[in-house]
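J.: Quick one: the structure is below, and I'll ask about it shortly.
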């Protein structure tokens, strides 16, 4: 799978390292920090491109035309959103993922829901680290002692995993 990762911060470089371990993945990492990209390229089996993540020419140089997936995790929400939209506009990149921290974007579903708005941004997955942490903490508070809490069907079904202890109420 050809994967473009935009942003070589903690998340982007960690993703590049994890995804590069799969021999079926071809990873290209885009960032402005040439020295850091060189360090990563020396350490990992990845391609790197120096440039601004929402610059169409930089994206083309990074191999946007062949990308199966674009993951935008720069420090700028706007850069992440625009880069995903450019990927769709230029080459209909199949999967576009953007990290977004500003909840104002997340509260406006019409910005991303093409069934509501044909001019909506074409982003397949929005990830909000702050919302994920908040949800995780809420699950832990609501289910003390749970090892894992997973919601399905838009929160209508929930799987809660607990460790069964010998002699406890769940054993026997």
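Numbering (our numbering), first residue to last: 41 to 212.
We put the CB at the ideal spot given by N, CA and C, even for glycine.
1) State the start and end residues of the unbroken beta strand (DSSP E) segment that holds residue 136.
2) May I ask which residues mark the beginning and end of the alpha helix (DSSP H) holding residue 67?
3) To which residues does DSSP link residue 165 through a beta bridge?
4) Does the separation of the CB atoms of residue 121 and residue 140 fall below 8 angstroms?
5) Is the beta carbon of residue 43 less than 8 angstroms from the beta carbon of residue 111?
6) Assuming residue 45 is part of the alpha helix (DSSP H), what are its boundary residues?
7) Considering only the alpha carbon of each residue, which of 63, 81, 105 and 186 lies closest to residue 69?
8) Please report the distance separating the alpha-carbon of residue 161 from that of residue 137.
9) Alpha carbon to alpha carbon, how far is residue 196 from residue 87?
T.: Per the coordinate set shown:
1) Your numbering for residue 136 matches position 96 in the chain shown. Run containing residue 136: 135-139, per the beta strand (DSSP E) assignment.
2) Here residue 67 corresponds to residue number 27 of the chain shown, with the count starting at 1. Boundaries around residue 67 are those of the beta strand (DSSP E), 66-71, since no alpha helix (DSSP H) includes it.
3) The residue labelled residue 165 in the question sits at position 125 within the chain shown. DSSP, once it has assigned bridges, lists 137 as partnering residue 165.
4) For this step, residue 121 is matched to residue 81 along the chain shown. For this step, residue 140 is matched to residue 100 along the chain shown. Going by C-beta atoms, residue 121 is nearer than 8 angstroms to residue 140.
5) Taking the first residue of the chain shown as position 1, residue 43 is located at position 3. Taking the first residue of the chain shown as position 1, residue 111 is located at position 71. Judged by their CB atoms, residue 43 and residue 111 are nearer to each other than the 8 angstroms cut-off.
6) Numbered from its first residue, the chain shown carries residue 45 at position 5. No alpha helix (DSSP H) holds residue 45; the beta strand (DSSP E) holding it covers 42-46.
7) Numbered from 1 along the chain shown, position 29 holds the residue referred to as residue 69. Of the candidates 63, 81, 105 and 186, the one whose C-alpha sits nearest the C-alpha of residue 69 is 81.
8) On the chain shown, residue 161 is found 121 positions in, with the first residue counted as 1. On the chain shown, residue 137 is found 97 positions in, with the first residue counted as 1. Going from the Cα of residue 161 to the Cα of residue 137 covers about 12 angstroms.
9) As a working note, residue 196 is residue 156 in the chain shown. As a working note, residue 87 is residue 47 in the chain shown. If you take the alpha carbons of residue 196 and residue 87, they lie about 42 angstroms apart.
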